Amino acid sequence: MRQIRIARILFRFSAANKGIWKAIAPGRADLASKPQQIGQIISRAQKSKFKGILRPPSEDRGSQTRFAISVQAHLNFDQGLGRLANADAQLHASTRPSLAGARSFRASGPFASKLFSRLFVTALALIVIALLSYVAARRSVDFPVYHYAARKMLSRTGPMYGPQSGIGWPQVYRYPPLFLLLFIPFALLPLRFAAILWAALKFTVLGLLARSLFSRLGTHGLVWQLLSFLPALPYLAVEFHYGNVQFFIFALAGAALLCLDERPVLAALALALAISVKVAPLFYVPYLIVRKRIAVAALALALTAALTLLPAGYFGWHTNVSLLHQWVQQELGIAATAGEPGIIGFPSQSLHSVLMRFLVSLNYGELTDSNYPKLNLGSFDPLMVELLWFVLAGAGYAGLLFLARQRSQSDNLTIHGVAFCMLLLLEPFTQMGDLVILFWPICIAVAVLRDDADLPAWIRAALYAALAG
Numbered sequence: 009m010r011q012i013r014i015a016r017i018l019f020r021f022s023a024a025n026k027g028i029w030k031a032i033a034p035g036r037a038d039l040a041s042k043p044q045q046i047g048q049i050i051s052r053a054q055k056s057k058f059k060g061i062l063r064p065p066s067e068d069r070g071s072q073t074r075f076a077i078s079v080q081a082h083l084n085f086d087q088g089l090g091r092l093a094n095a096d097a098q099l100h101a102s103t104r105p106s107l108a109g110a111r112s113f114r115a116s117g118p119f120a121s122k123l124f125s126r127l128f129v130t131a132l133a134l135i136v137i138a139l140l141s142y143v144a145a146r147r148s149v150d151f152p153v154y155h156y157a158a159r160k161m162l163s164r165t166g167p168m169y170g171p172q173s174g175i176g177w178p179q180v181y182r183y184p185p186l187f188l189l190l191f192i193p194f195a196l197l198p199l200r201f202a203a204i205l206w207a208a209l210k211f212t213v214l215g216l217l218a219r220s221l222f223s224r225l226g227t228h229g230l231v232w233q234l235l236s237f238l239p240a241l242p243y244l245a246v247e248f249h250y251g252n253v254q255f256f257i258f259a260l261a262g263a264a265l266l267c268l269d270e271r272p273v274l275a276a277l278a279l280a281l282a283i284s285v286k287v288a289p290l291f292y293v294p295y296l297i298v299r300k301r302i303a304v305a306a307l308a309l310a311l312t313a314a315l316t317l318l319p320a321g322y323f324g325w326h327t328n329v330s331l332l333h334q335w336v337q338q339e340l341g342i343a344a345t346a347g348e349p350g351i352i353g354f355p356s357q358s359l360h361s362v363l364m365r366f367l368v369s370l371n372y373g374e375l376t377d378s379n380y381p382k383l384n385l386g387s388f389d390p391l392m393v394e395l396l397w398f399v400l401a402g403a404g405y406a407g408l409l410f411l412a413r414q415r416s417q418s419d420n421l422t423i424h425g426v427a428f429c430m431l432l433l434l435e436p437f438t439q440m441g442d443l444v445i446l447f448w449p450i451c452i453a454v455a456v457l458r459d460d461a462d463l464p465a466w467i468r469a470a471l472y473a474a475l476a477g
């Protein structure tokens, strides 16, 4: 109460003596709003001497006025020290600008350090990608096929399909006309430089896909991320060295599965583009239907049809239809490897090819490498083995669809990994580069081993064996 009374006295005194108040307290009209500061000054004034020992003011107006002047003098003294310190700081800043700059630099130190770290990591990543791309592009196998085929298309010389396509058998062009149109920017560049850019794009896409997948799985920490990469490195190295388009097909399918809920239209477009370049991702359309993503599956089919017909704007309607017919005939011939193994040039790792190697006597003399050992346990009719493959593949795919229908929507990543494995097993032709698809299941397996402490011992052992193999 005494402090409030003193504040009131100060204001009364200022109203009566405006000239004196301006001289001793400029700009202090807000004194009443600072009771703590007033209290400190009063306490100090009561304990110090201002032309004698100050006593608490008596009730007469003269004593109160003198005491108020004393309090204000102490307040002015404190403010004077503050103004003196500010003036001294400004003087140093004006005479020595480097000190002001140093203070500013220190104040922005954390931000500058973080920005520098990001720039350094980005530059280092670009350098690593450039070096790896240069190494991967050396003696590329499949990329020159695309490059020569696209240049033949642009110059309208030579067939686009058949033994004389690409750079000649066995490195023939095996994709729809749409892919050559998409490849034109690379075809306009020199082969060597285009191959390096192609590999650099792959490394960039791999980094983005891995980042998204690790984020969904909660795979944080460099050790766990490296464990997710290591088992897939041999397949990634083979695919990147070949320069095949398979990795981009996998990345598009993976992006589609990751975007199903947040961006369904983008997911449909990514899946449609993958199907339009290589028909194998059509495998995911029934899968999405049983996973109750009917709208995405339907839109993907519609976009696939539109993308397949899009090259008619470049070739003309009849030429595009003719090219599509040639492509279908060629792929059907390659799928029937029992009768014409020389079309592919080497055995594949699919269920179809494994059955053929073990149950049919194939003529490996027509392959690029004729030194493959004969592994057949019998010499059955190739048509019967084809029928057996159809039955087994159909049963396996039906089992996948049943499992996909039963699994909850919260378990999307795991069931997607199972679907990737089944695709490798059931498609007619699976080469080593196609095994990059296993990167997704490997990431799932590492996440399960890390997070699921209640995992049965036999499942844990099986996962460790699969990752080690």
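For the sequence shown, counting from 1, position 464 maps to 472 in our numbering; every step adds exactly one.
Glycine residues also receive a C-beta, built at the ideal position from the N, C-alpha and C atoms.
Source: prediction; values computed, not measured.
Burial state of residue i (16 or more Cβ within 10 Å)
i, result
"Thr-130", "exposed"
"Tyr-472", "exposed"
"Met-161", "buried"
"Pro-449", "buried"
"Gln-439", "buried"
"Leu-331", "buried"
"Glu-270", "exposed"
"Leu-62", "Its pLDDT being 44, under 50, Leu-62 is placed unreliably in this model, and the value from its coordinates should be taken loosely. Answer is buried; the Cβ neighbour count reaches 16."
"Leu-132", "exposed"
"Phe-201", "exposed"
"Gly-321", "exposed"
"Met-430", "buried"
"His-228", "exposed"
"Trp-466", "exposed"
"Ala-474", "exposed"
"Ala-305", "buried"
"Trp-206", "buried"
"Asn-384", "exposed"
"Ala-303", "exposed"
"Asp-150", "buried"
"Gln-414", "exposed"
"Gly-262", "buried"
"Ile-135", "exposed"
Whole-angstrom C-beta distance between residue j and residue i, which should lie under 8 angstroms
i, j, result
"Phe-447", "Ala-240", "4 angstroms"
"Ala-275", "Leu-268", "5 angstroms"
"Tyr-183", "Ser-173", "With 8 angstroms as the limit, Tyr-183 and Ser-173 do not qualify as a contact, their Cβ atoms being about 10 angstroms apart."
"Ser-387", "Phe-437", "Actually they do not touch by this definition, with Cβ atoms about 22 angstroms apart."
"Gly-170", "Gln-338", "7 angstroms"
"Leu-359", "Ala-401", "7 angstroms"
"Ser-141", "Phe-211", "6 angstroms"
"Val-426", "Tyr-243", "Not confirmed; about 18 angstroms, so no contact."
Top-ranked residue by Cα proximity to residue i, from the options
i, options, result
"Leu-309", "Ala-320, Cys-267, Ile-297", "Ile-297"
"Leu-209", "Val-180, Phe-437, Phe-248, Ile-445", "Phe-248"
"Phe-398", "Leu-205, Trp-206, Leu-363", "Leu-363"
"Ile-137", "Arg-126, Ala-469, Leu-214, Gln-179", "Leu-214"
"Gln-233", "Gln-254, Val-454, Phe-410, Leu-395", "Val-454"
"Phe-258", "Leu-475, Asp-462, Gly-441", "Gly-441"
"Gln-334", "Pro-167, Met-392, Leu-190", "Pro-167"
"Thr-316", "Arg-301, Pro-294, Lys-286", "Lys-286"
"Leu-411", "Pro-294, Leu-432, Asp-459", "Pro-294"
"Arg-159", "Leu-134, Arg-458, Pro-185", "Pro-185"
"Phe-194", "Cys-451, Ser-148, His-155", "His-155"
Local conformation of residue i per DSSP, three classes
i, result
"Trp-206", "helix"
"Gln-334", "helix"
"Ile-175", "coil"
"Tyr-154", "helix"
"His-326", "helix"
"Glu-270", "coil"
"Arg-458", "helix"
"Lys-286", "coil"
"Tyr-243", "helix"
"Gly-170", "coil"
"Thr-316", "helix"
"Lys-300", "coil"
"Gln-254", "helix"
"Gln-357", "coil"
"Phe-291", "helix"
"Val-136", "helix"
"Ser-148", "coil"
"Gln-233", "helix"
"Leu-463", "coil"
"Pro-198", "coil"
"Phe-187", "helix"
"Arg-164", "coil"
"Gly-226", "coil"
"Arg-182", "coil"
"Thr-438", "coil"
Any chain B beta carbon closer than 8 angstroms to residue i
i, result
"Leu-446", "Included in the structure is just one protein chain, with no chain B present."
Subject >> Segments of 4+ residues assigned as alpha helix (DSSP H) that fall wholly inside the segment 363 to 435 >> reply: 390 to 414, 420 to 434
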